[in-house]
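Residue 120 in my numbering sits at position 48 of the sequence shown, with consecutive numbering throughout.
In what follows, a structure is listed as structure tokens, so that the remarks can point back to it.
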Amino acid sequence: MRSLVGLIAVIIAATLYLYLLSLYLPAGPRRRPPASAESEHVETEKSGQTADEPSRLTFPSDLEELRELAELLQFYKTEHTGYVLLLFCSAYLYKQSFAIPGSSVLNILAGAIFGPYQGLLLACVLTTVGSTLCYALSQAFGKQYIMNLFPDKVSMLQRKVEDNKDCLFFFLLFLRFFPMSPNWFLNMSAPIVNIPITFFFGSVFIGLLPYNFICVQTGVVLSEVSSLDDLFSWERLFQLMAIACMALLPGIFIRRLSQRRLKLDTREHNGLITDKKVQ
């Protein structure tokens, strides 16, 4: 019961922090009217009125909203760099620490706002730190609950960790490159199956690098296009294919290495790996 109370207290404190941080949101830019409405906009300004509406931060549901959010945050970054960085890092760590879906959207925004290099570095660092915080929260508060909720998956992962303890780091990389179990489950169950935090930290940073790379580069591409026609041009398609090929190279290397060193005579079952039966 103490562990549950402690976890709830941490969640409440983190949520309150994000809420207080949002109270200091600077005044945003006003939306520019469409080209077809420019004349009407000028007339309303002359009459002492304004047709502009203040921009607001909303979760994007399509390409256009994603572009608008990226442009809005780029404005904030120009005028309030420290605030945007703090807000983005806080939201990312909150999501990652409590295993909340949405890392792909945040990675795309990182590429659109901070560019290909700073965005990738930021995404990799935040993913690793956030996953490590999830590891720590599970170790401090969630061990018993995770074992009660997922007893079969935890025991199976424990056995695979013991089978590959001589090359544990490469086994963890394999699980990140080829996720046979969701990343959130690996983050929470890692302390239960006695995975050292140093191995965990390094495997997350390297193992999720291709995924972060693809998302960030996609954000860079989306920030440069103005319509779906531009996105599906030959130049953009070739660029996306090149990004995908570069991200696949580490996975190919790890897969070949796993065939020689890791004990992975397995098949997927209920989201986690299980042994094949010998015929």
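From the three backbone atoms N, C-alpha and C, an ideal C-beta is built for every residue, glycine too.
Model, not experiment: these values are computed from the prediction.
Can you tell me where the alpha helix (DSSP H) with residue i in it begins and where it stops?
| i | result |
| --- | --- |
| cysteine 196 | 188 to 209 |
| lysine 237 | Unbroken run through lysine 237: none, as it is neither H nor E. |
| alanine 163 | 153 to 169 |
| glycine 259 | First, the amino acid is wrong: residue 259 is asparagine here, not glycine. 255 to 261 is the span of the alpha helix (DSSP H), which, as asked, contains asparagine 259. |
| leucine 294 | 281 to 294 |
Got a sec? Which residues, its chain only, sit under 7 Å from residue i by beta carbon, not counting five neighbours each side?
| i | result |
| --- | --- |
| proline 188 | Val288, Gln289 and Val292 |
| leucine 192 | Asn284, Phe285 and Val288 |
Do residue i and residue j have their C-beta atoms closer together than 8 Å?
| i | j | result |
| --- | --- | --- |
| leucine 247 | leucine 240 | no |
| lysine 167 | serine 176 | no |
| leucine 198 | leucine 244 | no |
| isoleucine 218 | serine 210 | yes |
| asparagine 266 | alanine 195 | no |
| glutamate 216 | serine 94 | The sequence shown places glutamine at residue 216, not glutamate. Contact: no. |
| alanine 184 | leucine 294 | yes |
| proline 98 | glutamate 151 | yes |
| valine 82 | threonine 200 | no |
| phenylalanine 272 | alanine 262 | yes |
| leucine 157 | leucine 181 | no |
| phenylalanine 186 | leucine 79 | no |
So what's residue i in DSSP terms, helix, strand or just coil?
| i | result |
| --- | --- |
| tyrosine 96 | coil |
| proline 223 | helix |
| glutamate 140 | helix |
| leucine 88 | helix |
| leucine 245 | helix |
| asparagine 179 | helix |
| serine 75 | helix |
| glycine 174 | coil |
| isoleucine 80 | helix |
| valine 276 | helix |
| isoleucine 185 | helix |
| isoleucine 218 | helix |
| isoleucine 269 | helix |
| phenylalanine 213 | helix |
| phenylalanine 147 | helix |
Can you give me the Cβ contacts of residue i inside the same chain, cut-off strictly under 8 Å, excluding the 5 residues immediately before and after it?
| i | result |
| --- | --- |
| serine 169 | Ala86, Gly202, Leu205, Cys206 and Leu209 |
| cysteine 161 | Leu194 and Leu198 |
| tyrosine 96 | Tyr155 |
| isoleucine 172 | Tyr166 |
| asparagine 220 | none |
Is there a Cβ from chain D that is less than 8 Å from the Cβ of residue i?
| i | result |
| --- | --- |
| glycine 191 | The structure shown contains no chain D; it is built from a single protein chain. |
Excluding the 5 residues preceding and the 5 following residue i in the sequence, name in chain order all residues of the same chain whose CB lies nearer than 6 Å to its CB.
| i | result |
| --- | --- |
| proline 223 | none |
| asparagine 179 | Ala195, Asn284, Cys287 and Val288 |
| valine 233 | Val265 |
| leucine 280 | Thr199 and Arg248 |
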